[in-house]
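Trainee: In the working numbering, the protein residues as written are 2 to 140. Each residue gets a CB set at the ideal place from its N, CA and C atoms; glycine is no exception. As the structure is a computational prediction, the values presented were derived from the model and not from experiment. The following block contains the structure, expressed as structure tokens.
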Amino acid sequence: MNLTNIPIYTRADAEKEFMGLMTFPGNRPYLKDVVVAKNYLDEKELRSLGQIVSGYLDFAERQAEREQTMTMKDWAEHLDKILTMSGEKLLQGASSISHEIAIEKATSEYKKYQQKTLSEVEKNYLESLKILENKTQKK
2 MNLTNIPIYT
12 RADAEKEFMG
22 LMTFPGNRPY
32 LKDVVVAKNY
42 LDEKELRSLG
52 QIVSGYLDFA
62 ERQAEREQTM
72 TMKDWAEHLD
82 KILTMSGEKL
92 LQGASSISHE
102 IAIEKATSEY
112 KKYQQKTLSE
122 VEKNYLESLK
132 ILENKTQKK
């Protein structure tokens, strides 16, 4: 199950400020930013995620110190227990949104967003390219 697809698919929106992204480096988002699920999480969601990860890693460190062998199944079950004990709802089954579909949607939304947010220089450059292309086609 890959739940990282859900925020990408449901929150990527060319009509929203910064495409719905809550965090990204620099002063404008790039394609590499819109395909990262955590970039759509707000401060509260990021803090919650950080706490869950921290607790999980603390447990892993404790298990290593005790030289306790654990399988992937054991780790998954432990994570489910952590989430349940902290009042989180466990999602059952696989996400209906594949990674490819989420990335396609984010990419499509990014292209729309990019067209809306081009600088004057970029718009003039693209217009010049069109004019040159038309002139060369006429010859």
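1) Is the separation between the beta-carbon of LEU58 and that of LEU50 shorter than 8 Å?
2) On the three-state DSSP scale, how would you describe MET23?
3) Do ILE102 and TYR31 count as a contact pair if the criterion is CB distance below 8 Å?
4) Who are the Cβ neighbours of MET20 in its own chain at under 7 Å, not counting the five residues just before and after it?
5) Can you tell me whether LEU22 is buried or exposed, with buried defined as 16 or more other CB within 10 angstroms of its CB?
6) Which class does PRO30 belong to by DSSP, given the choice of helix, strand or coil?
7) Would you say ASN6 and THR24 are within 8 Å of each other, going by their C-beta atoms?
8) Whole angstroms are fine: how far does the CA of GLN138 sit from the CA of PRO26?
9) Taking THR85 and LEU91 to be in contact with their CB atoms under 8 Å, please state how far apart those CB atoms are, rounded to whole angstroms.
10) What does the alpha-carbon distance come out to for the pair ARG48 and PHE60?
11) To the nearest angstrom, report how far apart THR72 and GLU46 are at their CA atoms.
12) Between the Cα of LYS74 and those of LYS82, SER129, VAL54, spot the shortest distance and give me the residue it belongs to.
Mentor: In short, the structure shows the following:
1) The sequence position of residue 58 within the sequence shown is 57, counting from 1. The sequence position of residue 50 within the sequence shown is 49, counting from 1. Result no, Cβ atoms of LEU58 and LEU50 do not sit closer than 8 Å.
2) If you number the sequence shown from 1, residue 23 lands on position 22. Looking at MET23 - three-state DSSP - the assignment turns out to be coil, as it is neither helix nor strand.
3) Here the question's residue 31 lines up with position 30 in the sequence shown. Here the question's residue 102 lines up with position 101 in the sequence shown. In this structure, ILE102 does not lie closer than 8 Å to TYR31 by Cβ.
4) Residue 20 sits at position 19 when you count from the first residue of the sequence shown. Result list for MET20: ALA13, ASP14, PRO30, VAL35, GLU110, TYR111, TYR114, in chain order.
5) Position 21 of the sequence shown holds residue 22. LEU22 is buried by the Cβ-count criterion.
6) Locating residue 30 in the sequence shown gives position 29, where the first residue counts as 1. Residue state, collapsed to three classes: coil.
7) Numbered from 1 along the sequence shown, position 5 holds the residue referred to as residue 6. Numbered from 1 along the sequence shown, position 23 holds the residue referred to as residue 24. No; because the gap between Cβ atoms is not below 8 Å, this pair is not in contact.
8) Within the sequence shown, the letter at position 25 stands for residue 26. Within the sequence shown, the letter at position 137 stands for residue 138. Approximately 41 Å between the Cα atoms of the pair.
9) Taking the sequence shown and counting its residues from 1, the one referred to as residue 85 is at position 84. Taking the sequence shown and counting its residues from 1, the one referred to as residue 91 is at position 90. At roughly 6 Å, the Cβ-Cβ gap stays under 8 Å, so THR85 and LEU91 are in contact.
10) Numbered from 1 along the sequence shown, position 47 holds the residue referred to as residue 48. Numbered from 1 along the sequence shown, position 59 holds the residue referred to as residue 60. Straight-line Cα distance between these residues: approximately 18 Å.
11) As a working mapping, residue 72 is identified with position 71 in the sequence shown. As a working mapping, residue 46 is identified with position 45 in the sequence shown. When rounded, the distance between both Cα atoms is 28 Å.
12) Position 73 of the sequence shown, counting from 1, holds the residue named residue 74. Cα-wise, what sits closest to LYS74 is LYS82.
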